[in-house]
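First comes the structure, then the notes that go with it.
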Amino acid sequence: MFHTIVMDTTCQGLSDLSLNHPLAPVESANCGSSSSQDDEDGFGDLRSLPVYVCERRPTCLRCCRPQKVCLCPFLPVHPLEVATCLYIVQHPAEESRALRTVPLLAACLPPGKCKVLVGRRFNEERNPELAAVCRDSRTLILYPGPDAQNLEELVQKQDRYQDRMGEQFVRAVGPNVIIIDGTWSQAKDMFLRNTLLHQPKQVQLSRSEQTSQYVIRSQPSNICLSTLECAAVTLSILERNEAIQEVLLKPLQALCSFQLQHGALVHHSKEHLIRHGIYDKQMPTNKRKIKRMENLITNQHICPR
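Going by this note's numbering, the first residue of the sequence shown is number 21, and it counts up by one from there.
The structure is reproduced here in structure tokens:
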């Protein structure tokens with residue numbers, strides 16, 4: 021919020037200023053001399069202008085959007101009942117983004133089922149709850165890489181084991197899922213530098229033909245998804261309910277549609293731009309970066325590691 025402040029230098033205002041203050045006049049002033057000096061300096065007219073305070077637009081408490089563009093009509097009437105608890109480890113830069121998806125995700129879930137932890141570094145002392153979750157053998161962290169297991173295959177394996185063991189079998193994975201919210205470079209830095217995040221079982225989503233619907237923000241590859249989309253797919257798999265994904269994506273689709281109708285442009289992924297020869301930035305000369313760009317086009321090893 022920005023405020024316009026006009027300093028009063030009339031007799032009343034000068035009486036409150038110390039002569040040693042940098043804004044105080046060099047000589048003792050009276051009303052007449054002050055007015056004359058104002059006119060000579062050219063500030064007399066400025067001091068007569070009214071002071072306006074810029075107020076923030078009223079914000080909806082549920083979807084965290086300005087009330088005029090509230091997305092609550094596209095949210096479920098009642099929060100989705102899920103057994104899984106999401107822990108969103110969010111980079112501080114995401115807090116200031118106007119078109120972030122995490123508030124929409126939290127608005128669709130019951131209180132306590134989507135917990136957002138903002139920061140770059142996390143440890144046992146400052147984040148005891150997150151540390152306890154990371155130590156839980158049933159917790160998963162969604163982060164792609166060579167050590168990550170396919171989430172859908174993991175759940176299918178668990179279901180087959182449950183069928184053999186009967187109703188007494190207790191689910192071994194899935195009560196907590198950690199998702200890193202940030203750009204790919206931010207996610208990489210947060211994952212590698214926080215040893216807490218190395219403790220849970222690492223999983224990734226299947227690299228299917230599904231592409232991101234978050235078209236108002238650029239993605240490295242066609243198969244990269246926003247935080248809300250990752251959460252939607254993850255919950256639909258863990259909760260064995262495909263309808264969850266449809267419900268969670270509805271406000272995201274509405275957000276993108278509104279932005280596009282009001283001047284926003286479709287942001288193709290870097291992979292799409294390179295593949296079609298319309299990438300408008302200078303290509304790298306570093307061999308490592310060139311290899312990374314080649315992997316991007318072939319959809320191989322696209323994770324930030």
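Quick reminder that beta carbons are idealized off the backbone N, C-alpha and C, glycines included.
Residues that residue i bridges to, as DSSP identifies them
i: Cys134; result: Leu106
i: Gln169; result: Val223
i: Thr79; result: Pro86
Cβ pair residue i, residue j closer than 8 angstroms
i: Leu137; j: Asn147; result: yes
i: Leu272; j: Gln233; result: yes
i: Phe142; j: Leu216; result: yes
i: Asn170; j: Ser116; result: no
i: Leu275; j: Leu119; result: yes
i: Cys154; j: Pro220; result: yes
i: Leu174; j: Tyr107; result: no
i: Pro123; j: Val267; result: no
Span of the beta strand (DSSP E), counted from its first residue to its last, around residue i
i: Val97; result: Segment: none, Val97 is in no beta strand (DSSP E) and carries neither H nor E.
i: Val223; result: 221-224
Residues of its chain near residue i, where Cβ-Cβ distance is below 6 angstroms and the 5 sequence neighbours each way are ignored
i: Cys105; result: Lys133, Asn196
i: Val46; result: Caution is warranted here: a pLDDT of 41 is assigned to Val46, below 50, making its placement in the model unreliable, and the coordinate value is therefore given only provisionally. Around Val46: no qualifying Cβ.
i: Tyr163; result: Phe211, Gln222
i: Val328; result: There is simply no residue 328 to check, as the chain begins at 21 and stops at 325 in what is shown.
i: Arg82; result: Cys92, Ala127
i: Lys290; result: Pro240
Nonlocal neighbours in the same chain, by C-beta distance under 7 angstroms from residue i, ignoring five residues either side
i: Pro99; result: Cys128, Leu129, Pro130
i: Cys80; result: Gln87, Cys90, Cys92
i: Gly52; result: Unreliable positioning characterises Gly52 in this predicted model, as indicated by a pLDDT of 47, which lies under 50. A coordinate reading is not provided.
Extent of the continuous alpha helix (DSSP H) run through residue i
i: Asp156; result: Premise fails: Asp156 is in no alpha helix (DSSP H) and is neither H nor E.
i: Asp201; result: Segment 196-201 is the beta strand (DSSP E) holding Asp201; no alpha helix (DSSP H) there.
i: Glu266; result: 263-281
i: Pro123; result: 122-128
i: Lys208; result: 204-213
Contact set for residue i: own chain, Cβ-Cβ below 8 angstroms, skip 5 residues either direction
i: Arg140; result: His111, Pro112, Asp209, Met210, Arg213
inquiry  = So, does the segment 230-249 touch the segment 92-105, judging by three or more C-beta pairs under 8 angstroms?
reply    = no
ask   = Between the segment 193-209 and the segment 273-282, do at least 3 Cβ pairs fall closer than 8 angstroms?
value = no
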